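Asks: Okay, so the sequence shown: first residue is 35 according to this note's numbering, each after it adds one.
Note that the Cβ used here is the ideal one computed from N, Cα and C, for glycine as well.
Nothing here was measured: the structure is a model prediction, and the numbers come from that model.
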Amino acid sequence: MLRDFLMQFVYFSQKIDYFNKIFHEYYDKFTFTNVLVRFSEIGTKSNKVQFRMVNNLRKSIKSLLEKVNVKYTRYYQEKGRIVFSFRNEDVKLGSFVILNTPGVASISPVIKTDFKMDNIIQRSVDFAQPIFGPNKEIGVKVRVVDKSKLPSEDPKSISQAVSRAILSKFPPEKRGLVNIASPDLKIYIEIRSDFTYIYSLKIDAFHSGLPVEKQRASIGNCLNRFHDFDAMVRIVRRGQHIVPVTFLTNRNKNSKNYQTLWNTFRIFYPKQHFFSFIINLEKYLSKIKQRLIDLNLENNNSMKYMCPLCRTFRFAVITEVMLNQREIILKLLKKEKWDKQLSSNIHYTIKGSKNSKSLNLRYLRGIVNGSGEECYCPENSKIWISNTITNQPIFEPNYILKKDNILRTILDLIIASRMMNALYNSSNKNSSKKQTEASINIIKSQERLLTQLKHGIGNQICDYKSELEDF
35 MLRDFLMQFV YFSQKIDYFN KIFHEYYDKF TFTNVLVRFS EIGTKSNKVQ FRMVNNLRKS
95 IKSLLEKVNV KYTRYYQEKG RIVFSFRNED VKLGSFVILN TPGVASISPV IKTDFKMDNI
155 IQRSVDFAQP IFGPNKEIGV KVRVVDKSKL PSEDPKSISQ AVSRAILSKF PPEKRGLVNI
215 ASPDLKIYIE IRSDFTYIYS LKIDAFHSGL PVEKQRASIG NCLNRFHDFD AMVRIVRRGQ
275 HIVPVTFLTN RNKNSKNYQT LWNTFRIFYP KQHFFSFIIN LEKYLSKIKQ RLIDLNLENN
335 NSMKYMCPLC RTFRFAVITE VMLNQREIIL KLLKKEKWDK QLSSNIHYTI KGSKNSKSLN
395 LRYLRGIVNG SGEECYCPEN SKIWISNTIT NQPIFEPNYI LKKDNILRTI LDLIIASRMM
455 NALYNSSNKN SSKKQTEASI NIIKSQERLL TQLKHGIGNQ ICDYKSELED F
C-alpha cells in the first residue's frame with residue numbers, strides 16, 4: 035500500500051518532466067501554429083447533440099484562452115476534429131489550455147499543407163528531419179477522410195512514398211527500415227476536406243468526458259474532504275456546472291489544503307465565472323448540540339440525532355442557494371440590479387446537488403414531527419430523494435474511490451497549474467502585480483499541500499471511518 039502511494043509522487047515528477055520535454059523541446063524544433071483537437075465522448079452522440087456539444091466545447095476553450103490572454107486566429111471544425119490556429123508565441127500556452135478543457139480527448143500540434151502529393155511528401159520530409167536519425171525505423175500511418183481529394187491514391191501508396199522519401203535522405207549504410215508496428219518515429223498524415231495535417235505526437239488530455247454546458251448545473255454539498263473535491267471534479271467532467279457549498283468545521287485538519295485545491299481549480303474552470311460558498315458549520319453544530327442537551331437527548335446515542343440534524347441544516351442552506359442564487363451572486367458581484375446581460379452569463383438553472391452520503395427521510399420526520407417512532411440513519415441506504423426537503427430533486431451518488439485515484443486527481447491539478455504558470459511566464463504575457471502575487475501564493479500553498487501529502491496525510495485521504503466520526 036505504501037509503495038503504491040509513493041508511486042503517485044514518482045508519477046508526479048515523471049509527468050512534469052514529460053510536459054517540459056514536449057513544450058520546451060519538441061515545440062521548439064518546429065514552427066507549429068495549428069493544434070488538432072480530438073473529441074472524447076462527443077463523437078458517440080447524435081448529429082444534433084454533437085453539434086450542440088462541439089459548439090459548447092469551442093466556447094469553453096475560448097473562455098479558458100481569454101483567462102490567460104490568448105486568442106486563436108482561426109478555427110476549423112469537421113467530423114471528429116477541431117483545429118485551432120495560434121500565433122507562434124501563443125501556440126504553447128494555447129495547446130496546454132485546450133489540454134485542460136473537459137470534453138477534449140487529446141491534442142496534436144500539426145503541420146498543415148494542401149492535397150498535392152508532392153507537397154505532402156516534401157512537408158513530411160521536412161517534418162521528420164529534426165527528429166529522425168540514421169539507422170532508425172520509421173512508420174507512416176495515412177488516413178484519408180475525404181477520398182475526393184486524392185482519388186488516384188490509396189493510403190498504402192501514400193505511406194510507402196513518404197517513407198521512401200524520408201529514408202532516402204540517408205546514405206545506404208545508415209538507412210533505416212520501415213516498421214509500422216513499433217517504429218522509432220511514427221508519423222501520422224490525415225487528409226481531410228479542408229487541409230492535410232502531419233504530426234507525430236498525441237498528447238492525452240487531463241479530463242476527457244463532456245464539455246461543460248450552461249443548461250446543466252449541480253450544487254456540491256462539501257465538508258472539506260478530499261473525496262468531495264474529487265467528486266465535484268468528476269461531475270465537471272460529465273459536462274455540468276458546479277457551485278460548491280463548503281461547510282467548515284474545526285474538526286477537519288485539511289481546511290487550508292481544501293481551499294488551495296479550489297483556488298487552483300478555479301484557474302481551469304471552463305467558464306468566466308466560478309462561484310463557491312463557504313459556511314462555518316461549527317457554530318450551528320454547537321447550537322444543535324445544546325438543543326439536544328436541553329431535550330435530554332445528548333447522552334442517548336447523540337450521533338443518532340446529530341448526524342441527520344446536521345444534514346438537514348446543510349440541505350436547508352443548499353435550498354436557499356438554489357432559490358436565491360441571483361440575489362446571492364449579485365451580492366458577491368456588488369451589483370445593484372440584475373440585468374439581462376449578466377443573467378445570460380452567470381445564471382444557470384440548478385437542477386440538483388451532490389453529496390457523498392445519503393439521507394434517511396423517515397428518521398428526519400420522526401425527529402421533526404416528534405412522532406417518537408423508532409428511527410435509524412443508515413448512511414448508504416438511498417441514492418436519490420425527491421422534493422421532500424427542497425423544491426428540486428437532490429442527486430446523491432454514493433461516491434467511493436480508492437485513495438490512489440483521489441490523489442491522482444489532486445496531483446494532476448497541481449501539475450497542470452505548474453505548467454500553466456511556467457508557460458504563461460515564458461510567453462512574456464503582461465500580468466499585473468496582483469495576478470503575480472496571487473500566482474505565488476497558490477504555488478506556496480501547493481508546496482505545503484504536497485509536503486503534507488508526502489508525510490502521511492495522503493494515507494488518510496479517503497478514510498471514511500475517521501471522517502464520519504468527525505462529522
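Please state whether DSSP places Ala139 in a helix, a strand or coil.
Replies: Taking the first residue of the sequence shown as 1, we reach residue 139 at position 105. Of the three classes helix, strand and coil, the one that applies to Ala139 here is strand, per DSSP.
Asks: I'd like to check one pair, Val69 with Ser140: are the Cβ atoms closer than 8 Å?
Replies: Within the sequence shown, residue 140 is the residue found at index 106, counting from 1. Within the sequence shown, residue 69 is the residue found at index 35, counting from 1. A distance of 8 Å or more separates the beta carbons of Ser140 and Val69.
Asks: In chain order, what residues of the same chain lie with their CB nearer than 8 Å to the CB of Asn379, ignoring the 5 residues before and after it?
Replies: Within the sequence shown, numbered from 1, the residue matching residue 379 stands at position 345. Annotation note: pLDDT 39 at Asn379 (below 50); position unreliable, no value reported.
Asks: When DSSP labels each residue in this structure, what does Asn169 get in the three-state scheme?
Replies: Residue numbering aside, residue 169 sits at position 135 when the sequence shown is read from its first letter. Assignment of Asn169 by DSSP, reduced to helix, strand and coil, places it in the coil class.
Asks: Would DSSP call Ser202 helix, strand or coil?
Replies: For this step, residue 202 is matched to residue 168 along the sequence shown. Three-state result, Ser202: coil.
Asks: Buried or exposed: Ile214, going by 16 or more other Cβ atoms within 10 Å of its Cβ?
Replies: On the sequence shown, position 180 is the one that residue 214 refers to. Label assigned to Ile214: exposed.
Asks: Looking at the strands, I want to know which residues DSSP matches up with His275.
Replies: Here residue 275 refers to the residue found at position 241 of the sequence shown. His275 pairs with Ala251.
Asks: Which residues in the same chain have their Cβ closer than 6 Å to the Cβ of Ile264, if we skip the five residues on either side of it in sequence?
Replies: Within the sequence shown, residue 264 is the residue found at index 230, counting from 1. Looking at the sequence itself, residue 264 is Asp, so the reference to Ile does not match. Cβ within range, chain order: Ile440, Thr443.
Asks: Start and end of the beta strand (DSSP E) containing Ile95?
Replies: Walking along the sequence shown from the start, residue 95 turns up at place 61. Ile95 -> not in any beta strand (DSSP E); alpha helix (DSSP H) instead, spanning 81-101.
Asks: Would you check if the distance between the CB atom of Ile200 and the CB atom of Val176 is smaller than 8 Å?
Replies: Here residue 200 corresponds to residue number 166 of the sequence shown, with the count starting at 1. Here residue 176 corresponds to residue number 142 of the sequence shown, with the count starting at 1. The Cβ-Cβ distance between Ile200 and Val176 does not fall below 8 Å.
Asks: What would DSSP say about Leu376, mapped onto helix, strand or coil?
Replies: In the sequence shown, counting from the first residue as 1, residue 376 sits at position 342. Since pLDDT at Leu376 reaches only 38, below the 50 mark, its modelled position is unreliable, and the value read off the structure follows with that caveat. In the structure shown, Leu376 sits in a helix (DSSP, three-state: H, G or I).
Asks: What is the DSSP secondary structure of Val159, counted as helix, strand or coil?
Replies: For the purposes of this step, residue 159 is taken as the residue at position 125 of the sequence shown. If DSSP states are grouped into helix, strand and coil, Val159 belongs with the helices.
Asks: Could you check how far apart the C-beta atoms of Val104 and Asp124 are, in whole angstroms? I think they sit under 8 Å.
Replies: The sequence position of residue 104 within the sequence shown is 70, counting from 1. The sequence position of residue 124 within the sequence shown is 90, counting from 1. The Cβ separation is near 5 Å, so the contact holds.
Asks: Thinking C-beta only, is Phe347 closer than 8 Å to Tyr318?
Replies: As a first step, residue 318 must be located in the sequence shown, where it is residue number 284. As a first step, residue 347 must be located in the sequence shown, where it is residue number 313. For Tyr318 and Phe347, yes; Cβs fall inside 8 Å.
Asks: Tell me whether Phe281 sits in a helix, a strand or coil according to DSSP, three-state version.
Replies: Position 247 of the sequence shown, counted from the start, is the residue given in the question as residue 281. Residue state, collapsed to three classes: strand.
Asks: Skipping 5 residues on each side, what residues in its chain have a beta carbon closer than 7 Å to that of Lys79?
Replies: As a position in the sequence shown, residue 79 is number 45, starting the count at 1. Only Met87 meet the Cβ criterion.
Asks: Can you tell me which residues form a DSSP beta bridge with Asp238?
Replies: For this step, residue 238 is matched to residue 204 along the sequence shown. DSSP output for Asp238 lists Ser140 as bridge partner(s).
Asks: Which residues bound the alpha helix (DSSP H) around Tyr110?
Replies: Locating residue 110 in the sequence shown gives position 76, where the first residue counts as 1. It is not in any alpha helix (DSSP H) - Tyr110 instead sits in the beta strand (DSSP E) that spans 108-112.
Asks: Helix, strand or coil for Pro217? Go by DSSP, reduced to three states.
Replies: Position 183 of the sequence shown, counted from the start, is the residue given in the question as residue 217. Correct three-state label for Pro217: coil.
Asks: Have a look at the DSSP bridge pairing and note the partners of Ile507.
Replies: In the structure as shown, the chain starts at 35 and stops at 505, and residue 507 therefore has no counterpart that could be examined.
Asks: How about the stretch 164-181 and the stretch 221-229: do they share at least three Cβ pairs that are nearer than 8 Å?
Replies: yes
Asks: With DSSP as the reference, please indicate the residues paired to Glu224 in a beta bridge.
Replies: Residue numbering aside, residue 224 sits at position 190 when the sequence shown is read from its first letter. Note: Glu224 sits in a beta bridge opposite Arg177, Tyr231.
Asks: Mapping DSSP to helix, strand and coil, what is Val104?
Replies: Here residue 104 corresponds to residue number 70 of the sequence shown, with the count starting at 1. Looking at Val104 - three-state DSSP - the assignment turns out to be coil, as it is neither helix nor strand.
Asks: With DSSP collapsed to three states, give me the class of Ser186.
Replies: Sequence index remark: in the sequence shown, residue 186 carries index 152 (1-based). Coil.
Asks: Quick one: what's got a C-beta closer than 8 Å to Thr294's C-beta in the same chain, skipping five residues either side?
Replies: Here residue 294 corresponds to residue number 260 of the sequence shown, with the count starting at 1. The beta carbon of Thr294 sits closer than 8 Å to the beta carbons of Ile476, Ser479, Gln480, Arg482, Leu483 from its chain, once the five residues preceding and following it are set aside; these are given in chain order.
Asks: Report yes if the C-beta distance between Ile50 and Arg452 is below 8 Å; otherwise report no.
Replies: Walking along the sequence shown from the start, residue 50 turns up at place 16. Walking along the sequence shown from the start, residue 452 turns up at place 418. For Ile50 and Arg452, yes; Cβs fall inside 8 Å.
Asks: Rank Phe302, Asn255, Gln163, Leu329 by C-alpha distance to the C-alpha of Phe281 and give the top, closest one.
Replies: Here residue 281 refers to the residue found at position 247 when the sequence shown is read from its first residue. The shortest C-alpha separation from Phe281 is found at Asn255.
Asks: For His381, does the three-state DSSP call read helix, strand or coil?
Replies: Indexing the sequence shown from 1 puts residue 381 at position 347. Bear in mind that a pLDDT of 39 at His381, under 50, signals an unreliable position, so the number given afterwards is only what the model happens to contain. In the structure shown, His381 sits in coil (DSSP, three-state: anything other than H, G, I, E or B).
Asks: Between the C-alpha atoms of Phe240 and Asp228, what's the straight-line distance to the nearest angstrom?
Replies: Residue mapping note: residue 240 aligns to position 206 of the sequence shown, counting from 1. Residue mapping note: residue 228 aligns to position 194 of the sequence shown, counting from 1. Their Cα atoms are separated by approximately 28 Å.
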